[in-house]
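Residues in the sequence shown are numbered from 248 upward in steps of one, following my numbering.
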Amino acid sequence: MTSSDSEPGRERVPPGQRLVTDFPVLHAGTVAHIDRAAWNLTVSGLVEPRVVIDWQQLTSLPATEQISDIHCVTDWTKLDTAWKGVRVSRLLVGLSILPDAKHCVVHAAAGWTTNLPLEELLRDDVLAAYEYDGRPISAEHGGPVRLLVPRLYLWKSAKWLTGIELTADERLGFWETRGYHALGDPWLEQRYS
Ligand SMILES: Nc1nc2c(c(=O)[nH]1)N[C@H]1C(S)=C(S)[C@@H](COP(=O)(O)O)O[C@H]1N2
Ligand SMILES: [Mo]
């Protein structure tokens, strides 16, 4: 079990946030219902070769169990959430990331996207997560597989993950083109651009 958030004395609630104990459900549009057997993740763009990872392959890879604090831009923070999944950096082992790759577009069901700098995507605490609190992630929370990017506001943590596309330029995603910050660091209160 790894935890990046629990060093003693470390401030855990970013500025302007309030603690919740429930787990709110937030997304644009409707809940996607994706069968595990039908789920897959395409890794594409400035990476060779392009790969498609299915449920069986994802869950056969070494898993990471992680406790993370999560921060939503609508101002709630939830401490000590428990996740299991595969590090995105682990998914890329054995692939060649081309030198021009500096950013990524994260793709989700129904064409929803978000963007991240490549270095944020490759952090150790970024997971393609398939369990929350010891159970499969519910459809409402983005199952069967969602991205978890605990260091940034939760809109970066794409639910119903379907693709990771490496790009040279920053290509803004769904919320980022609607005024949300391109990076979204909660400690710097990067809520809106
Ligand atoms: N595919 C998809 N992922 C998404 C969203 C969305 O609309 N579609 N909303 C984001 C936003 S704004 C938030 S706050 C979190 C909420 O995750 P939760 O419902 O599990 O709390 O999901 C993020 N991931
Ligand atoms: Mo959000």
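From the three backbone atoms N, C-alpha and C, an ideal C-beta is built for every residue, glycine too.
Which of the three DSSP states, helix, strand or coil, is assigned to residue i?
i, result
"V353", "strand"
"T306", "helix"
"A285", "helix"
"V413", "Contrary to the premise, residue 413 reads as Leu rather than Val in this sequence. DSSP places L413 in strand when its eight states are reduced to three."
"L443", "Examination of residue 443 is not possible in this model, given that the chain is present from 248 through 440 alone."
"P383", "strand"
"W402", "helix"
"W407", "coil"
"L266", "strand"
"L430", "coil"
Between residue i and the rest of its own chain, which residues show a CB-CB distance below 6 Å, the 5 nearest in sequence each way excluded?
i, result
"H354", "T360, T409 and G410"
"W422", "W402"
"H420", "Per the sequence shown, the amino acid found at residue 420 is Gly instead of His. So the list reads T360, T361 and N362, once near-sequence residues are dropped."
Once you ignore the five residues that flank residue i on each side, which residues in its own chain have a CB closer than 7 Å to its CB?
i, result
"R337", "L308 and P309"
"D347", "L293 and A415"
With distances taken between CB atoms, is the gap from residue i to residue j smaller than 7 Å?
i, j, result
"W330", "A376", "yes"
"L368", "L395", "no"
"E387", "V272", "yes"
"D372", "P397", "yes"
"T324", "V392", "no"
"P343", "E295", "It should be pointed out that residue 343 corresponds to Ser in this sequence rather than to Pro. Yes, Cβ-Cβ distance for S343 and E295 is below 7 Å."
"A281", "W407", "Contrary to the premise, residue 281 reads as Ile rather than Ala in this sequence. Contact: yes."
"Y400", "H350", "no"
Since residue i sits in a beta bridge, which residues does DSSP pair it with?
i, result
"T424", "The partner list for T424 (beta bridge, DSSP) is empty, contrary to what the question assumes."
"E295", "S343"
"H280", "BP columns for H280 are empty, so no partner."
Using a Cβ-Cβ cut-off of 8 Å (strictly less than) and excluding sequence neighbours within five positions of residue i, which residues of its own chain qualify?
i, result
"E436", "P261, P262 and G263"
Segments of 3+ residues assigned as beta strand (DSSP E) that fall wholly inside the region 329-379: 350-355, 360-364 and 374-379
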